[in-house]
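Down below is the structure, laid out as structure tokens.
Numbering (the numbering used here), first residue to last: 465 to 626.
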């Protein structure tokens, strides 16, 4: 892990088990249109938002109530010159008990400031972790995107520009 890899951290009152359950419910916080399975070792899933972003990931490490790691097998961005910037990166969710609370730290290993998508991806991940996933954990309802249902300003802007 590089000091420049994007990372976002939240602290919640729920148990590590509840946080793990929410993290692996990717349809509940990232996209309603996830295809595939998202909870067990070697599960693969596909994400897409409109024709702007597509991603294919495999779960390469799963430790219940502690850790989930996605390996990005393939990626497409419509808005970058290098359409495959995420390909080969890993998204790591680390869950730790801190006193009476649970900390979730998400690090996108390989998502660094040199990437053309960095600012847009940073803003999107910040929303999906600190708002959508946080709300799924704390209230039971996240804010995933779907076709015709953008959640971030960049999603709205990129689709409107087409």
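Even for Gly, the Cβ is constructed at its ideal location relative to N, Cα and C. Quick caveat: nothing in here was measured; it's all calculated off a predicted structure.
DSSP beta-bridge partners of residue i
i	result
residue 472	570
residue 609	495
residue 510	499, 520
residue 478	For residue 478, which the question treats as bridged, DSSP gives no partner whatsoever.
residue 560	567
Residue i versus residue j - alpha carbon distance
i	j	result
residue 598	residue 476	8 Å
residue 607	residue 592	8 Å
residue 544	residue 520	17 Å
residue 617	residue 474	21 Å
residue 624	residue 614	10 Å
residue 542	residue 500	23 Å
residue 576	residue 604	31 Å
residue 511	residue 563	35 Å
residue 557	residue 531	5 Å
Per-residue burial, residue i [other beta carbons within 10 Å of its own, 16 or more giving buried]
i	result
residue 565	exposed
residue 492	buried
residue 533	buried
CB contact flag (residue i, residue j, <8 Å)
i	j	result
residue 574	residue 469	yes
residue 568	residue 489	no
residue 559	residue 509	no
residue 589	residue 472	yes
residue 535	residue 524	yes
residue 495	residue 610	yes
Beta-carbon separation (whole angstroms), residue i vs residue j, contact threshold 8 Å
i	j	result
residue 580	residue 546	6 Å
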